[in-house]
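Protein chains in written order, with numbering that gives the first Met the number 0: chain H, 0 to 105; chain Y, 0 to 220.
Just so you know, even glycine gets a beta-carbon here, dropped at the ideal spot from N, CA and C.
Given the structure is predicted, the values throughout are model-derived calculations rather than measurements.
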Amino acid sequence: MSTTTMWIVMGATSALCFAMKLLGHLVPQSWLANDRLQRINALIPICLLSALVVAEGLVLKTHIVLDHRLAGLGAALAALFAKAPFPVVVVSAAATSALVYHLHLG
Amino acid sequence: MSNLTRGTVRDSLSVALTVGAYGTAFGAAGVAGGFSVLQTCLFSLLTFSGASQFAAVGVVTSGGAAASAIATAALLGTRNALYGLQMAPLLGVKGGRRLVAAQITIDESTGVALSQAPRGTRAMREGFWLTGTGVFLFWNLFTLLGALGAKALGNPASYGLDAAVPAAFLGLIWPRLQTNYLRMVAVVSMGFALLVTPWFPAGLPIIATTVVAVVMGWSAR
Numbered sequence: 000m001s002t003t004t005m006w007i008v009m010g011a012t013s014a015l016c017f018a019m020k021l022l023g024h025l026v027p028q029s030w031l032a033n034d035r036l037q038r039i040n041a042l043i044p045i046c047l048l049s050a051l052v053v054a055e056g057l058v059l060k061t062h063i064v065l066d067h068r069l070a071g072l073g074a075a076l077a078a079l080f081a082k083a084p085f086p087v088v089v090v091s092a093a094a095t096s097a098l099v100y101h102l103h104l105g
Numbered sequence: 000m001s002n003l004t005r006g007t008v009r010d011s012l013s014v015a016l017t018v019g020a021y022g023t024a025f026g027a028a029g030v031a032g033g034f035s036v037l038q039t040c041l042f043s044l045l046t047f048s049g050a051s052q053f054a055a056v057g058v059v060t061s062g063g064a065a066a067s068a069i070a071t072a073a074l075l076g077t078r079n080a081l082y083g084l085q086m087a088p089l090l091g092v093k094g095g096r097r098l099v100a101a102q103i104t105i106d107e108s109t110g111v112a113l114s115q116a117p118r119g120t121r122a123m124r125e126g127f128w129l130t131g132t133g134v135f136l137f138w139n140l141f142t143l144l145g146a147l148g149a150k151a152l153g154n155p156a157s158y159g160l161d162a163a164v165p166a167a168f169l170g171l172i173w174p175r176l177q178t179n180y181l182r183m184v185a186v187v188s189m190g191f192a193l194l195v196t197p198w199f200p201a202g203l204p205i206i207a208t209t210v211v212a213v214v215m216g217w218s219a220r
C-alpha cells in the first residue's frame, strides 16, 4: 500500500469516526431509538472484533495459516481465563508468539 | 477540584490511565503495519476510538484494501453515535464545546458517566469530561511512545507484535461476552469470517460479519 493510500485510510477513518460521534450529539433522540437498530448495533462490535481476532491471528491475505501467532492467541486466551488485566494479555501473547517464531527459525 | 466528588475523580482517572496505557499497543501496531510514526499519532488524535484504529491498521496489515479498512473502522464507530445520543441531553452543550464532547464520546467516557448515576447528574457530567479528556491525553501520549518503541525495535514478528494485535482484539471483546448468546454470536462470527476467507478479498470477511449482527439482532430474544 502506498504512502498516499495510507494517508487516505487515516484521514477517511478519522473523518467517518468523528461524523458518527457528532451524529449522536446532533440528531433528535427518537431517530436512533428503534429497538431493532439498537439490538443490531449492540452486536456489531462483537461480530467485527471477533472476525478481527481470526483475521489477524489465523489468516495471511486470503489463506488460513496456522503459525506462531496461534500460539500467541492461545496464551492470550489462557491469560483471559485467568482474569489477567489487558496489558498482561497482550504481552503474554507477544512473548509466546515471539518465542515460537524464534524456535522455528532456529 | 473541591466541587468534584472525590469518587468520580478517582474512577475517571484510573480508567483514563489504564485505558490510555493501551495506546502503547496501538502505537506499536500502527508502525508494525507500515504506517509512519506521524500517521500513527494522527490516528490517535483524530480517530480517537481504539477499536476503529486497531481495525483500520489491522486490515491494512493483513493486506486488505483501503476501502475495507475504512469501512470496518467506520462500522465499529457506529456505537459511538448511540453513546452520543445518550450523552447529549446529559451534557447540554452547544457550539465548539459540542464538537469537543463529540470527539471524546467513546466507550470509556460514556461508561464512567453512566456508572456515576448514583452520585447524581453533576457527577455523571464530570465523569464524562474527566474520563474523556484523561483518556485522550494518555492515549495519545502512549501511542507516541509505542510508535517510537516499535520503530526502534524493527521486525514486528520477532517481538510478537503480529500476535499482540489479535490478542488485543480478543481482550477488547472478552468483557463484552456476558451471556451465552453473546458468546455464541462471537463464535459464529469467527467461524463465518474463516469460512469466507478463501473466497473474499482480504479485509472483506471482517465487514461481512455485519450480516451475522443483522441476522442475530433482527428479532428480540
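Going along the chain, which unbroken runs of the alpha helix (DSSP H) with 4 or more residues stay wholly within the region 52 to 84 of chain H? 67 to 80
| task | Please compile the residues from chain H whose C-beta is within a distance smaller than 9 Å of the C-beta of S11 (chain Y). | result | Mapped onto the second sequence, residue 11 (chain Y) falls at position 12. In chain order: nothing, as chain H lies at least about 18 Å away.
query = Are any of the Cβ atoms in chain H nearer than 9 Å to that of N231 (chain Y)?
reply = Any answer about residue 231 (chain Y) is impossible in this case: the structure gives chain Y only from 0 up to 220.
Which residues bound the alpha helix (DSSP H) around Y158 (chain Y)?
By 1-based counting over the second sequence, the position of residue 158 (chain Y) is 159. Per DSSP, Y158 (chain Y) belongs to no alpha helix (DSSP H) and is neither H nor E.
Beta carbon of T142 (chain Y): closer than 8 Å to some heavy atom of the ligand ZN? In terms of ligand content, the structure shown is empty, and the ligand ZN therefore cannot be addressed.
Practice item. Rounded to whole angstroms, what's the CA-CA distance from S1 (chain H) to T39 (chain Y)? Just pull it up for me. Key: For the purposes of this step, residue 1 (chain H) is identified with residue 2 of the first sequence, where counting begins at 1. For the purposes of this step, residue 39 (chain Y) is identified with residue 40 of the second sequence, where counting begins at 1. One C-alpha to the other measures close to 15 Å.
* To do: Please state if the CB of L169 (chain Y) and the CB of L79 (chain H) are separated by a distance shorter than 9 Å.
  => Residue 79 (chain H) sits at position 80 when you count from the first residue of the first sequence. Residue 169 (chain Y) sits at position 170 when you count from the first residue of the second sequence. Yes, these two residues count as a Cβ contact at 9 Å.
- Anything in chain Y within Cβ reach of H103 (chain H), meaning under 9 Å, just list it in chain order. Position 104 of the first sequence, counted from the start, is the residue given in the question as residue 103 (chain H). Under the 9 Å cutoff, chain Y gives no residues; its nearest Cβ is about 10 Å from H103 (chain H).
Q. Which of helix, strand or coil does DSSP assign to M0 (chain Y)?
A. As a first step, residue 0 (chain Y) is located in the second sequence; it is residue number 1 there, counting from the start. Residue placement at M0 (chain Y) is flagged as unreliable, the pLDDT there being 44, under the threshold of 50; the coordinate-derived value follows with that caveat. In this structure, M0 (chain Y) counts as coil in the three-state DSSP scheme.
Chain Y beta carbons: is any one of them nearer than 9 Å to that of L65 (chain H)?
On the first sequence, position 66 is the one that residue 65 (chain H) refers to. Judged by the 9 Å Cβ criterion, L65 (chain H) is not in contact with chain Y.
Item checked: Own chain, CB closer than 6 Å to S61 (chain Y), minus 5 neighbours either side, in chain order -> Along the second sequence, read from residue 1 onward, the residue named residue 61 (chain Y) stands at position 62. So the list reads A201, once near-sequence residues are dropped.
Considering only the alpha carbon of each residue, which of Y:V134, Y:S51, Y:G76, Y:G94 lies closest to T17 (chain Y)? To locate residue 17 (chain Y), count along the second sequence from 1; it is residue 18. Of the candidates Y:V134, Y:S51, Y:G76, Y:G94, the one whose C-alpha sits nearest the C-alpha of T17 (chain Y) is Y:V134.
Suppose contacts are defined by Cβ-Cβ distances below 9 Å. Is T107 (chain H) in contact with A162 (chain Y) by that definition? The structure shown does not extend to residue 107 (chain H), since chain H is modelled only from 0 through 105, so no value can be given for it.
| request: Give the straight-line distance between the Cα atoms of M0 (chain Y) and G83 (chain Y), rounded to the nearest whole angstrom. | output: On the second sequence, position 1 is the one that residue 0 (chain Y) refers to. On the second sequence, position 84 is the one that residue 83 (chain Y) refers to. Confidence at M0 (chain Y) is low in this model, with a pLDDT of 44, below 50, so its placement is unreliable and no value can be given for it.
- request: Could you pull out every residue in the same chain whose Cβ sits closer than 8 Å to the Cβ of I105 (chain Y), ignoring the five residues on either side in sequence?
  value: For the purposes of this step, residue 105 (chain Y) is taken as the residue at position 106 of the second sequence. So the qualifying residues of the chain are F47, S48, G49, N79, Y82, G131, V134.
Inter-residue spacing [alpha-carbon to alpha-carbon] between A156 (chain Y) and A50 (chain H):
If you number the second sequence from 1, residue 156 (chain Y) lands on position 157. If you number the first sequence from 1, residue 50 (chain H) lands on position 51. Computed Cα separation, rounded: 21 Å.
Exercise. Output yes if chain H places a C-beta closer than 9 Å to the C-beta of A212 (chain Y); else output no.
Key: The residue given as residue 212 (chain Y) occupies position 213 in the second sequence. Yes - at least one Cβ of chain H is within 9 Å of the one on A212 (chain Y).
Answer yes if the region 169 to 186 of chain Y comes into contact with the region 11 to 27 of chain H, meaning at least three C-beta pairs across the two stretches below 8 Å, and no otherwise.
no
Suppose the cutoff is 7 Å on Cβ atoms and the five residues either side in sequence are ignored; what does the same chain contact list for S188 (chain Y) look like?
Along the second sequence, read from residue 1 onward, the residue named residue 188 (chain Y) stands at position 189. Result list for S188 (chain Y): T208, V211, in chain order.
Three CB pairs or more closer than 8 Å across the region 141 to 154 of chain Y and the region 26 to 43 of chain Y: With the rule of 3 Cβ pairs closer than 8 Å, the region 141 to 154 of chain Y counts as touching the region 26 to 43 of chain Y.
(Q) For L193 (chain Y) and L47 (chain H), what's the separation of their Cα atoms in angstroms? (A) As a working note, residue 193 (chain Y) is residue 194 in the second sequence. As a working note, residue 47 (chain H) is residue 48 in the first sequence. Rounded to the nearest angstrom, the two C-alpha atoms are 13 Å apart.
In chain order, what residues of the region 38 to 49 of chain H put their CB closer than 9 Å to some CB of chain Y?
-> R38, I39, N40, A41, L42, I43, P44, I45, C46, L47, L48, S49
Which residues bound the alpha helix (DSSP H) around K20 (chain H)? Position 21 of the first sequence, counting from 1, holds the residue named residue 20 (chain H). Element bounds for K20 (chain H): 2 to 25.
query = Do you know offhand how far R97 (chain Y)'s Cα is from R5 (chain Y)'s?
reply = Translated into positions along the second sequence, residue 97 (chain Y) becomes position 98. Translated into positions along the second sequence, residue 5 (chain Y) becomes position 6. Going by the C-alpha atoms only, they are around 26 Å apart.
### Message
Run through chain Y and tell me which residues come within less than 7 Å of A81 (chain H), C-beta to C-beta.
### Response
Sequence index remark: in the first sequence, residue 81 (chain H) carries index 82 (1-based). Here the premise fails: no neighbours, minimum Cβ distance about 12 Å.
message: Given a cut-off of 9 Å on the beta-carbon distance, is the pair A11 (chain H) and I69 (chain Y) in contact?
response: Indexing the first sequence from 1 puts residue 11 (chain H) at position 12. Indexing the second sequence from 1 puts residue 69 (chain Y) at position 70. Against a cut-off of 9 Å, the Cβ pair of I69 (chain Y) and A11 (chain H) comes out as a contact.
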